[in-house]
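Asker: Chains as they are written, first to last, in the numbering used here: chain A, 108 to 676; chain B, 79 to 256; chain C, 897 to 1324.
Quick one: the structure is below, and I'll ask about it shortly.
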Ligand code: SF4
Ligand code: SF4
Ligand code: SF4
Ligand code: SF4
């Protein structure tokens, strides 16, 4: 018996030593610094460089090929060795285990019943120690969790939170162009482009389910105007035949900060009831960070300060506009610009007006020989200076916002026009349903009809919505959902696509995604690019006529009854 | 209540719970079995497929759908970015293990076939093919090798989360012509 | 001709590297060249999974019979080795009931995840057996247990307090594993399975070293993974406490000879409790009431802490990790971008949408954190309460929950020897 046991013991010893050696070899293999694959070798790369310098050198090429072969051999060889080593180790350990168990039958300790202490006191001592042990374990776990939450930062940024937390101070003077470029201070934002500044906003939402809806606030009176945004304030208006109201909403929470009716002294003038789709509050407000300016179908224009005090009020009515007046307000430095195009060109009542923002007094006034227009004036900043662009039959026109002087005109517009002009890289784009799209170089003087029109394109011109340009392409969205993409370089149509839904809201661009919101409140996301690609749809669950507005961390969509802020809570 | 009957009661209760859960599980488990696979549209060829498989020789290999291949002379999956010459010399090859066979078919076309036992799934060729070619080469988990781990350890490490479970009846996500 | 591809290539570059583009239209061959097929070897595991379930049932029944009826240490030991070879080395350790716990947790919390039938069976069957016959799974079937069982050469007992403290870790690990699985973050049990590398004879260096350490410790401390970490062991422990039949050290009546006292390498033998006087018992029940009142407090404190720890813990989730990575790397140059952010940019998803998804996950972690923390508090609390109550035990008993049914203690009992002697005609 003992002889057998001794044999087992020596077998065990041999097996242990053998396994140990295998283990060491394997460790060496594992730990030796080698690249992930043969070509990571520095030598290989040196040779390759050498060969690139002297491509014809056969000696270098041969050396490299030999090295390559060696490296590959070594790589696969090593893999085989590790596999073999693993198996050998396993077998070695198995033999060792069996041998050890065979050589030693005394596996478990045996108690000597006489020596062991066995009493309530001993038991209690054990229990007390265990209590401490569990208590300390609990404390350690507690400490571990406390450490985690104290020392591991895991805050995911909330889009726009910082900007909403510390809104830029309201400036004393009129805002600079740089400041304006980061605000959504008037219809379709800076230069009326519809292009969102690089705010971080979610592009997926669901109004009914509340997904990515930061808040939703009921708006008492309806209106076709879009919200305008200054840092953490959102302004919009609503009206019916009796009341005209301005709303100021907290961008962070959606709370209605104030709601003011227009204070109109004296007699209220009568005016024609506007068409239902236009409504009593179609013009979008404008703000310069100190005041918010509003206008209604009644042709009353008013300024409120940020606390909701009415600063001044002017009335220009009644206006002769067949569907109801809808031109939005535009701002240039300390001037508020009004496009009062009305009636017909043979009975010229139309004019472009600049009011002093502080007092409402007229600074200058330029008469215009045009028909009624439902488009809005936009101030754009060209290389040769600022211009205000106006679209009304029969002319596309630009004026100096400083003096009101006419800069250039092009006789290209006919009929009724609602799309607002846009501008990008020296070119102004005008759209009218019947005549199509015109690209006009904005550097001309006087009548530029023959000289500065770059191209025109009749495809898919919308009757209501304004165009959008992303720098390389112009997008036109017709009311019936026809989306046309035209190349800026040559004016050719790149693609056309018939989208579902009907559209009054103008397109907007966030990054390289077009947002197109139809009247049912469904926003279609289309990739801005040389091919049509629908990226998805978001439903708001409420009808929408107004164009989207943007602010830090938020997209604002005005439904029939509510203002929605799309963003992260 | 005595200890035993309390235990019986609790056991009955537990059995009921486990039984109900199992029943629900079985009803819901009616679906197909699943295996891991790489979505080639998501994969960015980070190289972790070669190193993170639990198997020493990764279960991931490059596959080539020849139908999509342009059979170009200058194949960016086969050749280094700056090949010295367009031949099969080791200095020109991108594959670290020489796992791609290049054969002349007819002027000016060549075939590129992957020798799977040599491929280590590093994805270098895939990157080349995708960046400049047709993307006809891509990485796939080969099911003759994969042990179908409960949690694929490449999947855990994959930066693009390209690895997910797919029905075992369609175990590959091959690219196809549209 | 040679460089035609290069010219085409440059053209391709000019139009931008889009995805799966047909930059070079596949040619029509004139020489009748046949395109080779792309081989798609089928998955090899599916029929095997059904066989696995059958083997599992068989092994469980056999183990139960061997321990409870046959009382054969040698039998279960060999059965364990057999299971180690089949489930471990042959089937390479996946799927096992331990890991299946996570699949079940995920299936409960994510209705889009279809739990495979075999996985469900692997989870349920050992538990079902434990409810009736104790943890025969651990001794005769589990490959993780068996590999530790075979290396146990020189068992040393751990002091009681250490044993208990370490045992809480398994409960915490179970909580964490369910937490991470339910939130869809990771299957941590699988990720940190120390032995699967041995079963496959390959694996990451760190995992092999970790597994090696476990085995090395396992030479002296019986089955360290099973006792102090295994999450499924916790479930089996709980089920085992309710078991209908149990392992009993003695086949006849305990004569209090104390011979088996140290025989269990897993600290699973409960000693008879000393006699207590009425005063001590009254004091104990007063303390018990106090502790029961304090328990909810403890649980709430831990639950609150758990919810607060939810956010940091959510870093384990790839979406949260990605969101933070992207946030951190936004201002870095492209050259420094990690693979993760490169892959993210390729998807075209906006950062905001990613952040929204990540915050949604984080919310799940915070909600789950209440439960995780509460569970930890509950475990600590109940363990403490257990230590403040006075047990009433007359004989040496294998603890229903902790006993792994290894049958090691059987030969120590003299009454058992007696019986065996009578059964085998006095030959042993
Ligand atoms: S780990 Fe993911 S991204 Fe990297 S090569 Fe594999 S599948 Fe592709
Ligand atoms: S380059 Fe990498 S993935 Fe491609 S064949 Fe070679 S080893 Fe396989
Ligand atoms: S499932 Fe396992 S074996 Fe298969 S590819 Fe993933 S890590 Fe490798
Ligand atoms: S059977 Fe005996 S030796 Fe084995 S675990 Fe149970 S009490 Fe311990």
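C-beta: ideal position from N, C-alpha, C; glycine also.
1. Nearest-angstrom Cα distance between residue 580 of chain A and residue 234 of chain B?
2. With DSSP run on the structure shown, which of helix, strand or coil describes residue 468 of chain A?
3. Unbroken alpha helix (DSSP H) runs of length 4 or more, entirely within the segment 1218-1256 of chain C: which are they?
4. Going along chain C in order, which residues have a C-beta closer than 7 Å to the C-beta of residue 143 of chain B?
5. Please report the straight-line C-alpha distance between residue 169 of chain B and residue 197 of chain B, rounded to a whole angstrom.
6. If you measure from the beta carbon of residue 1217 of chain C to each beta carbon in chain A, is any gap under 7 Å?
7. What in chain C is Cβ-close to residue 675 of chain A, meaning under 9 Å?
8. Measure the alpha-carbon distance for residue 214 of chain A versus residue 1308 of chain C and round it to whole angstroms.
9. Which residue spans inside the segment 429-462 of chain A form an unbroken beta strand (DSSP E) run of at least 3?
10. Looking at chain A, is there any beta carbon in it that lies within less than 7 Å of the beta carbon of residue 175 of chain B?
11. Rounded to the nearest angstrom, what separates residue 179 of chain A and residue 171 of chain B at their Cα positions?
12. If you measure beta-carbon to beta-carbon, which residues of the segment 102-134 of chain B are closer than 8 Å to chain A?
13. Beta-carbon separation of residue 406 of chain A and residue 330 of chain A under 7 Å?
14. What three-state label does DSSP hand residue 507 of chain A in the structure shown?
15. Alpha carbon to alpha carbon, how far is residue 1304 of chain C from residue 968 of chain C?
16. Just verifying my parser: in three-state terms, what is the DSSP assignment at residue 620 of chain A?
17. Unbroken alpha helix (DSSP H) runs of length 4 or more, entirely within the segment 259-345 of chain A: which are they?
18. Anything in chain C within Cβ reach of residue 190 of chain B, meaning under 8 Å, just list it in chain order.
19. Could you tell me which chain C residues have their CB closer than 9 Å to the CB of residue 88 of chain B, listed as they occur along the chain?
20. Can you give the beta carbon distance from residue 113 of chain A to residue 206 of chain A, rounded, assuming they're within the 8 Å contact cut?
21. Please report how far the alpha carbon of residue 200 of chain A lies from the alpha carbon of residue 193 of chain A, in whole angstroms.
22. Please classify residue 229 of chain A: is it buried, with 16 or more other beta-carbons within 10 angstroms of its beta-carbon, or exposed?
23. Closer than 9 Å between beta carbons: that is the criterion. Which residues of the segment 175-189 of chain A meet it against chain B?
24. Between B:246, B:210 and B:148, which has its C-alpha nearest residue 220 of chain B's C-alpha?
25. Touch check for the segment 636-648 of chain A and the segment 1219-1228 of chain C: three-plus C-beta pairs under 8 Å?
26. Considering only the alpha carbon of each residue, which of B:174, B:160, B:226 and B:121 lies closest to residue 174 of chain A?
27. Any heavy atom of ligand 1 within a distance shorter than 6 Å of the CB on residue 238 of chain B?
28. Under 7 Å between C-beta atoms, does residue 134 of chain A make it to chain B?
29. Taking only beta-carbon positions, decide if residue 168 of chain B is within less than 7 Å of chain A.
30. Does chain B have any CB closer than 7 Å to the CB of residue 1285 of chain C?
31. Going by DSSP in three states, residue 554 of chain A sits in which element: helix, strand or coil?
32. Run through chain B and tell me which residues come within less than 7 Å of residue 168 of chain A, C-beta to C-beta.
33. Could you list the residues in the segment 1094-1105 of chain C with a C-beta less than 9 Å from some C-beta on chain B, going in chain order?
34. Kindly give me the distance between the Cβ atoms of residue 1014 of chain C and residue 1063 of chain C, rounded to whole angstroms, as I take these residues to be in contact under 8 Å.
35. May I have the straight-line CA-CA distance separating residue 661 of chain A from residue 343 of chain A, to the nearest angstrom?
36. Going along chain B in order, which residues have a C-beta closer than 8 Å to the C-beta of residue 990 of chain C?
Answerer: Taking the structure as given:
1. Residue 580 of chain A sits at position 473 when you count from the first residue of the first chain. Residue 234 of chain B sits at position 156 when you count from the first residue of the second chain. Those two C-alpha atoms are separated by around 42 Å.
2. As a working mapping, residue 468 of chain A is identified with position 361 in the first chain. Residue state, collapsed to three classes: coil.
3. 1235-1243
4. Sequence index remark: in the second chain, residue 143 of chain B carries index 65 (1-based). Result: 934.
5. Taking the first residue of the second chain as 1, we reach residue 169 of chain B at position 91. Taking the first residue of the second chain as 1, we reach residue 197 of chain B at position 119. Cα to Cα, the separation comes out at about 18 Å.
6. Locating residue 1217 of chain C in the third chain gives position 321, counting from the first residue. False, the Cβ-Cβ gap to chain A never drops below 7 Å.
7. On the first chain, residue 675 of chain A is found 568 positions in, with the first residue counted as 1. Under the 9 Å cutoff, chain C gives 1248, 1251, 1252 and 1255.
8. Walking along the first chain from the start, residue 214 of chain A turns up at place 107. Walking along the third chain from the start, residue 1308 of chain C turns up at place 412. Below a pLDDT of 50, predicted positions are generally treated as unreliable, and residue 214 of chain A, at 49, falls in that range; no measurement from the model is reported.
9. 437-439 and 442-447
10. Start at 1 with the first residue of the second chain, and residue 175 of chain B comes out as number 97. Yes, its Cβ sits closer than 7 Å to a Cβ of chain A.
11. Locating residue 179 of chain A in the first chain gives position 72, where the first residue counts as 1. Locating residue 171 of chain B in the second chain gives position 93, where the first residue counts as 1. Going from the Cα of residue 179 of chain A to the Cα of residue 171 of chain B covers about 13 Å.
12. 125, 128, 129 and 134
13. Here residue 406 of chain A corresponds to residue number 299 of the first chain, with the count starting at 1. Here residue 330 of chain A corresponds to residue number 223 of the first chain, with the count starting at 1. Cβ atoms of residue 406 of chain A and residue 330 of chain A: not closer than 7 Å.
14. Numbered from its first residue, the first chain carries residue 507 of chain A at position 400. Looking at residue 507 of chain A - three-state DSSP - the assignment turns out to be coil, as it is neither helix nor strand.
15. Taking the first residue of the third chain as position 1, residue 1304 of chain C is located at position 408. Taking the first residue of the third chain as position 1, residue 968 of chain C is located at position 72. Straight-line Cα distance between these residues: approximately 9 Å.
16. Counting from one through the first chain, the residue named residue 620 of chain A turns up at place 513. Residue 620 of chain A falls in the strand class under three-state DSSP.
17. 268-272 and 284-288
18. For the purposes of this step, residue 190 of chain B is identified with residue 112 of the second chain, where counting begins at 1. Neighbours of residue 190 of chain B on chain C: none; closest Cβ ~10 Å, over 8 Å.
19. As a first step, residue 88 of chain B is located in the second chain; it is residue number 10 there, counting from the start. Within 9 Å Cβ-Cβ: 1137 and 1138.
20. Here residue 113 of chain A corresponds to residue number 6 of the first chain, with the count starting at 1. Here residue 206 of chain A corresponds to residue number 99 of the first chain, with the count starting at 1. In fact, because the Cβ distance is near 11 Å, the residues do not count as touching under 8 Å.
21. As a first step, residue 200 of chain A must be located in the first chain, where it is residue number 93. As a first step, residue 193 of chain A must be located in the first chain, where it is residue number 86. Whole-angstrom Cα-Cα distance: 11 Å.
22. By one-based count along the first chain, residue 229 of chain A stands at place 122. Flag for residue 229 of chain A reads exposed.
23. 175, 176, 178, 179, 182, 183, 186 and 189
24. Counting from 1 along the second chain, the entry for residue 220 of chain B is found at position 142. The candidate whose alpha carbon is nearest that of residue 220 of chain B is B:246.
25. no
26. Taking the first chain and counting its residues from 1, one reaches residue 174 of chain A at position 67. Closest by alpha carbon: B:174.
27. Translated into the one-based positions of the second chain, residue 238 of chain B becomes position 160. Yes, since a heavy atom of ligand 1 falls inside the 6 Å radius drawn around the Cβ of residue 238 of chain B.
28. Residue numbering aside, residue 134 of chain A sits at position 27 when the first chain is read from its first letter. No, residue 134 of chain A lies away from the interface with chain B (no Cβ there is under 7 Å from its Cβ).
29. Position 90 of the second chain, counted from the start, is the residue given in the question as residue 168 of chain B. Interface residue, yes.
30. Numbered from 1 along the third chain, position 389 holds the residue referred to as residue 1285 of chain C. Not closer than 7 Å to any Cβ of chain B, the Cβ of residue 1285 of chain C fails to qualify, so no.
31. Within the first chain, numbered from 1, the residue matching residue 554 of chain A stands at position 447. Strand at residue 554 of chain A.
32. Position 61 of the first chain holds residue 168 of chain A. By Cβ distance, chain B contributes 167 and 169.
33. 1096, 1097, 1098, 1099, 1100 and 1103
34. On the third chain, position 118 is the one that residue 1014 of chain C refers to. On the third chain, position 167 is the one that residue 1063 of chain C refers to. No, residue 1014 of chain C and residue 1063 of chain C are not in contact; Cβ-Cβ is about 30 Å, not under 8 Å.
35. Counting from one through the first chain, the residue named residue 661 of chain A turns up at place 554. Counting from one through the first chain, the residue named residue 343 of chain A turns up at place 236. Each residue's alpha carbon lies about 16 Å from the other.
36. Here residue 990 of chain C corresponds to residue number 94 of the third chain, with the count starting at 1. Within chain B, the residues near residue 990 of chain C are 225, 226, 227 and 228.
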